[in-house]
Amino acid sequence: MDQSTSSIEPAQFNDQIDEAVARFEAVGAELDEVLAAMKIKIRSLFHGSEVQPLFVTGRVKTPESFRAKASRQLQETPESSPVLEFPNPLREIHDMVGLRIIVMLPHEIQQVATLIKAHREDFDCRSDREKDIGSVESGTYGYSSRHLLLKTRNEPSVSKFQAALGKPVVPSGNFVFEVQIRTVLQHAWSEMEHDIRFKHPGEAAWNPQIDRHFTATSAMLETVENYFTDIDDLYHRMNGYHDREGLGAQQLTGEKIGEIWQTLLPHVDRKRDDDWSWAAELLGAHGIDKTWQLAELLDANVVTEVRAALDHRYSPGPDRLLDDVLLWRFGKEHIEKTNGSDLRREASLRRRLIQMKDFRSTQRG
């Protein structure tokens, strides 16, 4: 059944809405206490947690905003009489108190939601909605946020608020409030749109050109968030390679060498196969058999110096560049341990080592 929603106040609802707004205004101080208590409780959930929000903020709905929402009507057909969407607004409007949790990266939204929902002794999650799902499925861009409706359990500040409301409300300590979880970029976009379109409504706010710009910025912010996610993933992977007590302690295999190389030097990856056995032999000759040792060897500044010293006619592939980096680090020792009685290889290594020494001397001069 189709239903339309409006916020125009029909005359027959005026008294009902005025009474609800008056009662709402009368308990403003108690709602502020509920908000403060919820912020403390939500923040406490992150003590010792891996995920740490940038900040947790909140607000109590303004009387004007409460009136606007309490005035909404539903009308099934143009001929039918309108009814209030929230006949008992003080019970049925669930964002009178609202919190926002702002995180850095998109994947942290899920982590935060999971953490909150896991604390069932504090909150009962009544609803969990992703406000960007519709735009994702329709191939469009727009507002993005995770919305949780949480119900408190025997919360003293809520009981005080409910007692202040008076009959017929029973001071149970149970109260539904809203938590929005967003990234900092989603938050910036949402605040900008809300400031233009809802704080200062009018025809200009919904101009097609403004709508186009909002859509474009939403798409760009999603792209930026994807890059931030890639940066975060890459940082943690690289950091893991250097952790001598953790991932960095892993034994090198051909497959592992390829993974590390492609992470640290993706611009020098022209291997046509997955055979890194010769690279493993070169490293093994110097006792380099741990992940952290290879990560340390493939220092970006060293690679740059090696390439400058040899001034390769052609961009070297991974095996050749690794050979050169080991020669740069170990000098004659590398020649002795890896020439394998191959006179041509030995001569090539000696020529390259002379080039490296000449380059180093000019750099010192």
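Going by my numbering, the first residue of the sequence shown is number 9, and it counts up by one from there. The beta-carbon is built from N, C-alpha and C at its ideal position, and this holds for glycine as well.
- The residue among Leu290, Ser369, Ala308 with its C-alpha nearest the C-alpha of Phe338 is Leu290.
- Beyond the five residues adjoining it in sequence on each side, Ser285 comes within less than 8 angstroms, by CB distance, of Gly262 in the same chain, given in chain order.
- Beta-bridge partners of Asp136 (DSSP): Leu156.
- Each residue's CA atom was taken as its position, placing Arg51 and Leu173 some 27 angstroms apart.
- For Arg190, the number of other beta carbons within 10 angstroms of its own is at least 16, and it is reported as buried.
- In this structure the stretch 222-229 does not lie against the stretch 244-252, because fewer than three pairs of beta carbons, one per stretch, are closer than 8 angstroms.
- Pairwise C-beta distances place the stretch 96-103 out of contact with the stretch 120-129, as fewer than three of them are shorter than 8 angstroms.
- Nearest to Leu335 by alpha-carbon distance, out of His202, Thr370, Arg372, Ala293, is Ala293.
- Contact annotation: Ile109 and Pro164 have beta-carbon atoms that are not nearer than 8 angstroms.
- Shown here for Glu38: same chain residues with a beta carbon closer than 7 angstroms to its own, the five before and five after excluded, namely Lys168, Phe169, Ala172 in chain order.
- As computed with DSSP, Arg108 is found in a beta bridge with Thr65, Gln188.
- The criterion of a C-beta distance shorter than 8 angstroms is satisfied by Val232 and Leu193.
- Beta-bridge partners of Lys298 (DSSP): Gln259.
- Per DSSP, Leu98 lies in no beta strand (DSSP E) segment; the continuous alpha helix (DSSP H) that holds it begins and ends at 97-100.
- Assignment of Phe131 by DSSP, reduced to helix, strand and coil, places it in the strand class.
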